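Down below is the structure, laid out as structure tokens.
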């Protein structure tokens, strides 16, 4: 199939978008313009303006377009495998950039950076995924790892596997996180029970579970620590350990 060469006006429009970005930065571009430029990386000789606008109208925001599975994006007129590859590639680059940016940084002073990475890594997934951020004794980030996928509860996130991974990374503390594909940030009773179980198991291994974060559909996260749940769980687990002593 022959790709239609863009008209002079289309080529000029695209160059103006590039010039605007170079002069004023990404904030000068609308979400539709960002998507349009990304699509042109895959098919530089095609006019991608309408496809970008249609995707943005359908999904509502730039993050949701980037999070959309390839098979859904390919349903739009003007989006083929090469266009979708460009969107997937920039999404992958962003995820790697955010992950590597937090490594070796202190979690306490860089918790927002960690949250940004977790949001980007977990938001938009159609299944639940359980991720662990491993920290050393000074709360510096060692690495992160998804240890379970599917329905997240105490029966599918095995404490033994979590402890095995923590010991392998020589972690002194952990932050755990999982996503809610529904978009809700509200923790379920299962989420609270899982956190309580993991906290108790970590305490027996002298590992500190600092927080459990829930990733929804937007830019915010639900923090068990910020809502006082970690303090309550710590108290409950201390009472359990006292009875066992």
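Residue numbers (my numbering): 407 to 651.
For every residue, glycine included, the Cβ atom is placed at its ideal position computed from N, Cα and C.
The model shown is predicted, which means the values in this text are computed figures rather than measured ones.
Here's the rule: buried if 16 or more other CB atoms are within 10 angstroms of the residue's CB, otherwise exposed. What is residue i?
i, result
"residue 632", "exposed"
"residue 523", "buried"
"residue 514", "exposed"
"residue 651", "exposed"
"residue 563", "buried"
"residue 425", "exposed"
"residue 439", "buried"
"residue 434", "exposed"
"residue 441", "buried"
"residue 629", "buried"
"residue 644", "exposed"
"residue 649", "exposed"
"residue 520", "buried"
What whole-angstrom Cβ distance do residue i and residue j have, given they're in contact under 8 Å?
i, j, result
"residue 509", "residue 549", "7 Å"
"residue 535", "residue 555", "5 Å"
"residue 568", "residue 539", "Residue 568 to residue 539, Cβ: 12 Å. No contact."
"residue 496", "residue 476", "About 13 Å; that fails the 8 Å criterion."
"residue 483", "residue 461", "Their Cβ separation, rounded to whole angstroms, is 10 Å, which puts residue 483 and residue 461 out of contact at 8 Å."
"residue 445", "residue 492", "6 Å"
"residue 587", "residue 532", "6 Å"
Cα-Cα, which of the options is closest to residue i?
i, options, result
"residue 455", "437, 430, 645", "437"
"residue 576", "546, 487, 588, 533", "546"
"residue 610", "626, 622, 573", "573"
"residue 468", "613, 521, 452, 443", "443"
"residue 580", "428, 649, 552, 541", "541"
"residue 613", "629, 627, 544, 597", "544"
"residue 447", "553, 488, 478", "488"
"residue 635", "649, 616, 624, 626", "616"
"residue 498", "520, 478, 472, 521", "472"
"residue 626", "583, 601, 427", "583"
"residue 502", "420, 551, 598, 597", "551"
Secondary structure, beta strand (DSSP E): runs of 3+ residues fully inside the region 512-595: 535-541, 547-555, 579-585
Inter-stretch contact (C-beta, 8 Å, three-pair minimum) for the region 567-582 and the region 525-533: no
If contact is defined by three or more beta carbon pairs under 8 Å, each pair taking one atom from either stretch, is the region 597-609 in contact with the region 633-645? yes
Counting beta carbon pairs with one atom in the region 616-632 and one in the region 574-594, are three or more of them shorter than 8 Å? yes
Mind pulling the alpha helix (DSSP H) runs of 4 or more residues that sit fully within the region 407-476? 414-430, 437-448, 455-465, 468-473
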